[in-house]
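One structure below.
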Amino acid sequence: EIELLQKNNNSIPVLHLPQLVALALGYSPEELGMDKHIVSTLKINEILAAS
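Have a look at this one:
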């Protein structure tokens, strides 16, 4: 209901601490199953690829 009331779609993916630690250790988003999240993590993947 709240999403319908909002004019813009600000979907924020939820990342768990073990996923963040694994990313910092060099694991790829695919290895961590980030493509399985309900809210897309593509923007985060792009940011990580650029760094």
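The sequence shown begins at 18 in the numbering used here and counts up by one. Ideal Cβ positions, reconstructed from N, Cα and C, are used throughout, including at glycine.
Going by DSSP, P46 is part of no alpha helix (DSSP H) at all; its letter is neither H nor E.
Close CB contacts of T58 within its chain, under the 7 Å cut and outside five residues either way in sequence, are with P30, P46, M51 (chain order).
If you look at I64, you'll find it in the alpha helix (DSSP H) that goes 59 to 67. Spanning the alpha carbons of V56 and E48 requires a straight line of approximately 17 Å.
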